[in-house]
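Residue numbers (my numbering): 327 to 401.
We put the CB at the ideal spot given by N, CA and C, even for glycine.
Quick notes on the structure that follows.
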């Protein structure tokens, strides 16, 4: 029983290998990356105001009950 195995043409595999080995040096301009301006990283360390605020919010959320309607078949 013979098994037919097809492979990519030689030109395709050679081109893919050459592209993978080429460094990304096509950008010749000046790179100016802006500094990150995200929210501050909070540690939530024990006894910190951030941790107490988080605990209080979680406590209120635990007491909330959200009504999610049951929809079956569009009704």
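Residue i versus residue j: straight-line alpha-carbon distance, rounded
i: residue 381; j: residue 390; result: 15 angstroms
i: residue 356; j: residue 362; result: 18 angstroms
i: residue 352; j: residue 372; result: 49 angstroms
i: residue 393; j: residue 354; result: 57 angstroms
Integer-rounded CB distance, given that residue j should sit under 8 angstroms from residue i
i: residue 376; j: residue 368; result: 5 angstroms
Same chain only: Cβ atoms within 8 angstroms of residue i, ignoring 5 sequence neighbours per side
i: residue 370; result: 376, 377, 380
Beta-carbon contacts of residue i that lie in its chain and below 6 angstroms, excluding the five residues immediately before and after
i: residue 400; result: none
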